[in-house]
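First comes the structure, then the notes that go with it.
In my numbering, the protein residues as written are 1212 to 1764.
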């Protein structure tokens, strides 16, 4: 007997599962708020040199602010004051003849700091620690450091979740994010802030991995795609909320606390989240698994069935090759088909992440302020997720994954040949590409959960999350190649999307296929089955099975 049979009998998608989804929505909404937080807290507002040192005779008293800038700071080609240069001495003649050319007048670097335009932001990292001009790259570095933490967390939590359980590790992640998040808001130096952002990213990975797995492992086969899309929609909601939070909270310290605070509510609701019964059985903790399965049956109004969940029945479920075995990342590559699966999923995850962020960082032309632009980018993801939900159960996971990546590559390729003067057309194609790349991201989360067996599922998600963050980290570096050749970044991102899309087509189909529970289920796929019908008769579970080879789906 398989775990799926019992889950279907006690209610594979009822009030119990809906409660789990609701309880896990709060932490999933927080995720994008932190992942994309750097767009706002590290923003560099308009700035110019502090020219107070040029006023030896206090002549500036009779001048307006604009006149002081005119005689002290050279202009750029667009007529705005330069950010990093000032005249070596006041050029009062400019007020009369209107000449302001840095090529004609001697200039020097800013000597006494900068003055910032606070009309959009009250305070950012740039204004806090003068991360402008020669130090401007440090604002982007905080984002890189954050994702390095996410990468390291992917490795650590893949192991921790399989060893200590989904629920316990989730609570640890909540507490760590709260502690490190609020601590970073009170950091008094750039170095300390960077370290705390690294640790915040590290802890957030535990939420990323556990929230989706806990949802998936408690629902039946027919609702797995629905769960995946709901979790992904929570990301989009959080993404849109971030634009609103940033618009209302213009101080970077307060903004960090604002987006972290909801996890306090998540900690309170954690007590109602059940541990994965599938994981408990995999670890030989049969009595604890019986407790949660009985709770699920009663919550779903299947009280008659709850009495049949005997320890003997649960003990006979073939969940493990060896109950006392501890699985590690090495188990992902020890056997031939697991090794192939690990290689292919790693390539696809890298491609999905690199393509998604490559497009996201390169879409321009809306002519809107950054808050509205961010909101639109997030809103575009919603129809993309709904679209992929419809197709996941129609054409399957494999075709959805490969198709969305290939079509994303097509959109990028089309934009390479569209003249820049047709910006309306380019914007529409770019938005379509953004939506398709989001659809591929939605698919890969669910697809990966279904591909890896229970005993190493967390390790598999940890590994693929690491590959994803590697793709995220590389995407900005790809865009820097624009200085070499304008079309170079687009060609590379297009190639990555196409190659990863073709690789995705080599993966096995998982639609209507049982979740693999042991490595043997991967190495000998003929043992995998789908349940077409299950009834209760004479106090025992009867099942009709169709033997299926997922490689042939």
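Even glycine gets a Cβ: it sits at the ideal position worked out from N, Cα and C. Quantities reported herein were computed from a predicted structural model and do not represent experimental measurements.
Report the three-state DSSP secondary structure of residue i (helix, strand or coil).
i: residue 1426; result: helix
i: residue 1446; result: helix
i: residue 1302; result: coil
i: residue 1615; result: helix
i: residue 1320; result: strand
i: residue 1256; result: coil
i: residue 1629; result: coil
i: residue 1315; result: coil
i: residue 1334; result: strand
i: residue 1327; result: strand
i: residue 1505; result: helix
i: residue 1485; result: coil
i: residue 1215; result: helix
i: residue 1242; result: helix
i: residue 1227; result: helix
i: residue 1603; result: helix
i: residue 1345; result: helix
i: residue 1248; result: coil
i: residue 1577; result: Only weak support is given to the placement of residue 1577: the predicted model assigns it a pLDDT of 46, under 50, and the question is left unresolved by the model.
i: residue 1292; result: strand
i: residue 1261; result: coil
i: residue 1452; result: helix
i: residue 1274; result: coil
Can you give me the C-alpha to C-alpha distance between residue i and residue j, rounded to a whole angstrom?
i: residue 1655; j: residue 1612; result: 7 angstroms
i: residue 1275; j: residue 1347; result: 29 angstroms
i: residue 1658; j: residue 1721; result: 7 angstroms
i: residue 1506; j: residue 1425; result: 16 angstroms
i: residue 1307; j: residue 1293; result: 21 angstroms
i: residue 1695; j: residue 1562; result: 22 angstroms
i: residue 1408; j: residue 1418; result: 16 angstroms
i: residue 1230; j: residue 1262; result: 60 angstroms
i: residue 1508; j: residue 1222; result: 7 angstroms
i: residue 1332; j: residue 1569; result: 26 angstroms
i: residue 1225; j: residue 1479; result: 23 angstroms
i: residue 1238; j: residue 1473; result: 8 angstroms
i: residue 1259; j: residue 1337; result: 13 angstroms
i: residue 1638; j: residue 1628; result: 13 angstroms
i: residue 1698; j: residue 1636; result: 17 angstroms
i: residue 1367; j: residue 1615; result: 30 angstroms
i: residue 1277; j: residue 1284; result: 10 angstroms
i: residue 1477; j: residue 1243; result: 16 angstroms
i: residue 1405; j: residue 1335; result: 14 angstroms
i: residue 1503; j: residue 1228; result: 12 angstroms
i: residue 1485; j: residue 1234; result: 10 angstroms
i: residue 1236; j: residue 1438; result: 11 angstroms
i: residue 1343; j: residue 1631; result: 30 angstroms
i: residue 1763; j: residue 1727; result: Bear in mind that the predicted position of residue 1763 carries a pLDDT of just 31, short of 50, making it unreliable; the figure below should be weighed with that in mind. Looking at the two C-alpha atoms, the distance is approximately 16 angstroms.
i: residue 1375; j: residue 1322; result: 55 angstroms
Keeping to the same chain, check which residues put their C-beta closer than 7 angstroms to that of residue i; ignore five residues upstream and five downstream.
i: residue 1531; result: Because the pLDDT of residue 1531 is 43, which lies under 50, any placement of that residue in the model is unreliable, and the number read from its coordinates should be weighed accordingly. 1493, 1666, 1729, listed in sequence order.
i: residue 1396; result: 1464, 1467, 1468
i: residue 1552; result: 1662, 1733
Could you tell me how far apart the beta carbons of residue i and residue j are, in whole angstroms, since I believe they sit closer than 8 angstroms?
i: residue 1704; j: residue 1565; result: 7 angstroms
i: residue 1421; j: residue 1377; result: 5 angstroms
i: residue 1475; j: residue 1389; result: 7 angstroms
i: residue 1358; j: residue 1609; result: Not quite, the Cβ-Cβ distance comes to about 28 angstroms (not below 8 angstroms), so this is no contact.
i: residue 1392; j: residue 1416; result: Actually they do not touch by this definition, with Cβ atoms about 14 angstroms apart.
i: residue 1674; j: residue 1290; result: About 52 angstroms; that fails the 8 angstroms criterion.
i: residue 1839; j: residue 1353; result: Outside the modelled stretch of the chain, which goes from 1212 to 1764, sits residue 1839, for which no answer is possible.
i: residue 1546; j: residue 1734; result: 5 angstroms
i: residue 1670; j: residue 1345; result: That belief does not hold up - the Cβ atoms of residue 1670 and residue 1345 are roughly 43 angstroms apart, past 8 angstroms.
i: residue 1253; j: residue 1350; result: 4 angstroms
For residue i, which residues from the same chain have a beta carbon less than 6 angstroms from its beta carbon, with the 5 sequence-adjacent residues on both sides left out?
i: residue 1559; result: 1711, 1714, 1715
i: residue 1413; result: 1360, 1363, 1364
i: residue 1640; result: 1622, 1625, 1626
i: residue 1593; result: 1447
i: residue 1700; result: 1689, 1690, 1692, 1693
i: residue 1682; result: 1561, 1564, 1565
i: residue 1454; result: 1582, 1585, 1586
i: residue 1428; result: 1487, 1489
If I measure Cβ to Cβ from residue i and keep anything under 8 angstroms in the same chain, skipping five residues before and after, which residues do I get?
i: residue 1596; result: 1440, 1443, 1444, 1447, 1649, 1650, 1653
i: residue 1643; result: 1622
i: residue 1385; result: 1238, 1418, 1474, 1477, 1478, 1481
i: residue 1717; result: 1555
i: residue 1319; result: 1296, 1297, 1298, 1299
**Study point:** Contiguous alpha helix (DSSP H) assignments of at least 4 residues, all confined to the region 1668-1730
**Key:** Here the runs fully enclosed are 1668-1690, 1699-1715.
Review point. Quick one: complete alpha helix (DSSP H) runs, 4+ long, within the region 1365-1440?
Key: 1377-1396, 1401-1427
Practice item. Could I get the ranges of all uninterrupted beta strand (DSSP E) runs contained in the region 1531-1564, with 3 residues as the minimum, in chain order? Key: none
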